[in-house]
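Here's the structure, in structure tokens; my notes come after.
Numbering (our numbering), first residue to last: 106 to 1079.
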């Protein structure tokens, strides 16, 4: 064991706790039972079987209020793995649940036996027929699929609010729809074909002309059973009419019985039944969608009304005017949305009774949009919207920024409201539909029902389609509160069915929480047919038991999860999973959601329990060490939860006082540290990569990997000892070369000026000269200490750089130009919490400018581009995303090359200063998809704006990345 391995117990919660009723029992502290683990390893191989208790816990939660611990998790890589798991389950009498993104709101992604991860190895998009169709693998997010379609002016029909994170497999399996899909653009209507694996292991491709013939040979009993059910349904005119009527409005409760009416053959029937089957009929391995036009002309308004029924009453007019989307938000939703960046702060002052409609029109051209706007104006003229706060204007706009803000607030409904719930409460998201013309009446009844049961729910929904969502918060650990919720659900379901003949699940699918009410909505005849359909397709009940169909009238109350209070930065988390796709470690160890889920399980445990001890043993590497600390999770989270900040705080908790003192000493003597580092890099060039890799490898085994960086052959040589000479009197800005660019030089094989030389030359060439202070050595943006949780060192350097910058810039009169995006972010924002009061005042007077922004805004308009390469691929860094200047990188690249490509799968490289040297496996995992995209094509230039990120991309792609400013210097050189 390394001599400096941190003590896992340092992250144990310091307060005494009582065990929660839904804690993982002590008997499961060892994870998967030995026989089950060994049998699956023998079938699949060790790398595909996750069996630690921490693995089981992190997969036990999804975005729903339920929590079920699997016995084992299998990470399937291909159809052979899927078939092998199903065969094993049949032979051993076990059960299987498939899980992709885990964004489902009703517990569909949870199982109590074998849980199969079908996200990690199942992503991919192939655009077909000029964008008219797309072949999409089930682990692909909706956002990723639409990004591939966007250049063709096409988009998928389903557009759920969770599009950032939810995957196509789940969208189809739940028939998720969203803001605009309604009943005509959902998966059932736009899915051209799909390939799926039946519980028996039989693979069916519905696009194959011979599919029915092959299925009849492989599954004769199944084919006969499906055709018999079809004949029985079609022979009953009353039932047929009832099925058609149920799908006249949005409905995802139960199985799609209309598949028996729409399909003429067993394969056609199965194609329909698989949509909305929630993983109970088979595994969806591939889909082919018919896409819809992406009309780019947009006009949108957010219109405020005095009450929810008043807003709902305005919906039919906009529907008749041709609105693509009419979204409803009540006062609780609007007020909770102030936690979403960009939402006006005065929404917090909105009266509780206020409601708003988000109305959007889209057209392919100016004439079409103008006609829509005229129709909308006529509707609006007959309404009486209100303006309770100053930011409300009740007007249509074409401004993309304003429209984006409106939609950001709407899509954050679940997370924003959930994030503002009382700490320790569980969130339930309900979803129902009524005939659109009865929406106002349903709103009034819903408000009355909530009041009678003591709930102050938030309401939003797809008003154009009569589809409402509402959120309830209650304490799942309090039997009385659970009974209150149960009583509400009983009355709510009866109201929806008996008063409105509505759908108890319009788009979130039955899951676990509406399964007991399925017969209430569909009646005994149709419900019996659903049970018989399940028996025909899955006679052994292998797939997803108790999801969709459950005879237990209390099933919706089983498995409700408690939400123990955790660290304040993460406590608002509702475990929605929006953060997961952006996380660099999501294919390696854990995601931000899983880091929080694991922490909550520790808090459910009695202090010192075997489960808590086992979780802590794994948490150090799986959660803390392999977090890149890039905080892009905060950008993806609608309420800005920064799990990276929590991991940095945990790193601090693991430091000994001696380690903190050493870090502070390094900060105070950083000039010597910097000089030594440059000399070491220079010496390394003479020693050779092999020797240094051996030396650092030995040191990493003796100390610990998180302390000693691994030497990588991509690490560049030393920078020059002297920075370019500049003159202060004529300077219009102060140029601060980051310490990384003072230590490391250009990558091997790149001739020409260093980055500092390029910045100075470009600025002079544009008539905007810069000055480099003589005493920059020994200063730093403090990110070195901040990223590792060394608070004392962070304080030393943060105050030093701010005091120095204030002096260099003449008290803030000149801008400070910084040539590494992470350092710009560090000086501009991240140093602030560690400053003294005096230096915080000085910091407020500084203007910190990233070199990309400086070059694009101040230099490029004054420069003549004399030569351009054919193509450039760029790597936007996570710091650029935080700073909001990603487009500046593409703008500069566009000056240097005829074609500029931003990889669709571009993301954080996770090199994170030196973390890619401490944990090379993290960067390898984080960059895998982007690297595959880059290496599939030849590019003349590979550009970014952060030296260590460039090193990470060099290693990932085998290509040479360097700063866009070096490329710009070459392109504009006389």
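Each residue gets a CB set at the ideal place from its N, CA and C atoms; glycine is no exception.
Just so we're clear, the structure is a prediction, and the values are computed from it rather than from any experiment.
Counting only unbroken stretches of 3 or more residues, the beta strand (DSSP E) elements lying wholly within the region 568-643 are 572-579, in sequence order. Look at residue 1016 here: in three-state DSSP terms it is coil, with no helix or strand label.
Sequence-distant partners of residue 626 (beyond 5 residues in either direction) whose C-beta falls short of 6 Å from its own C-beta, in its chain, are 358, 602, 609. Taking residue 269 as the centre and dropping the five residues before and after it, the same chain places the C-beta of 248, 683 closer than 6 Å to its C-beta, in chain order. Excluding residues up to 5 positions away in sequence, 442, 445, 448 lie with their Cβ nearer than 6 Å to the Cβ of residue 514 in the same chain.
Ranked by Cα distance from residue 1054, the options 1066, 1044, 367, 1043 are led by 1066. DSSP, reduced to helix, strand and coil, places residue 227 outside both helices and strands of the structure shown, so it counts as coil. Contact check for residue 925 against residue 864 fails: the beta carbons are separated by 8 Å or more.
The Cβ neighbour count for residue 728, taken over all protein chains shown within 10 Å, is at least 16; the residue is labelled buried.
It is roughly 17 Å from the alpha-carbon of residue 787 to the alpha-carbon of residue 1056. Separation of residue 993 and residue 687 (C-alpha to C-alpha, rounded to the nearest whole angstrom) is 21 Å.
For residue 480, the secondary structure class from DSSP, reduced to helix, strand or coil, is helix. Residue pairing by DSSP puts residue 204 in a beta bridge opposite 222. A residue is called buried when at least 16 other Cβ atoms come within 10 angstroms of its Cβ; residue 504 does not meet this threshold and is exposed.
Each of 236, 237, 240, 191 was checked against the Cα of residue 218, and the nearest Cα belongs to 191. Non-local beta-carbon contacts of residue 903 in its own chain, meaning distances under 7 Å to residues more than five positions away in sequence, involve 887, 936, 939, 940 in chain order.
Excluding the 5 residues flanking it on each side, residue 469 has same chain C-beta neighbours closer than 6 Å at 400, in chain order.
Between residue 680 and residue 702, the C-beta gap is smaller than 8 Å, which places the two residues in contact. Fewer than three pairs of CB atoms, one per stretch, sit closer than 8 Å, so the region 1010-1025 makes no contact with the region 954-969.
Between the beta-carbon of residue 210 and that of residue 169 there is about 5 Å, and that keeps the pair under the 8 Å contact cut. With a cutoff of 8 Å on beta-carbon distance, residue 612 and residue 351 are scored as not near each other. Between residue 429 and residue 733, the CB-CB gap reaches or exceeds 8 Å. In this structure residue 156 touches residue 177 by the C-beta definition: roughly 6 Å separates them, less than 8 Å. In the three-state scheme derived from DSSP, where H, G and I count as helix and E and B as strand, residue 939 is classed as helix. Proximity of the region 520-533 to the region 489-504 falls short of the contact definition, fewer than three beta-carbon pairs being nearer than 8 Å. Taken atom to atom, the span from the alpha-carbon of residue 240 to that of residue 295 is near 12 Å. For residue 195, the enclosing alpha helix (DSSP H) stretches over residues 184-197. When beta bridges are read from the DSSP output, residue 461 appears opposite 409, 434. Runs of the beta strand (DSSP E) spanning 3 or more residues and lying entirely within the region 141-190 occur at 177-180, in chain order. Contact between residue 968 and residue 870 is confirmed by a C-beta separation of about 6 Å, below the 8 Å threshold. Closest option to residue 267, judged by alpha-carbon separation, among 774, 917, 517, 256: 517. Assignment of beta-bridge partners to residue 876 by DSSP yields 839. Rounded to the nearest whole angstrom, the CA to CA distance from residue 1078 to residue 971 is 7 Å. A Cβ-Cβ distance of about 15 Å is found for the pair residue 991 and residue 1010, leaving them out of contact under the 8 Å criterion. Within the model, the alpha-carbon separation for residue 414 versus residue 488 is close to 13 Å.
Annotation: the continuous alpha helix (DSSP H) that includes residue 423 extends over 420-425.
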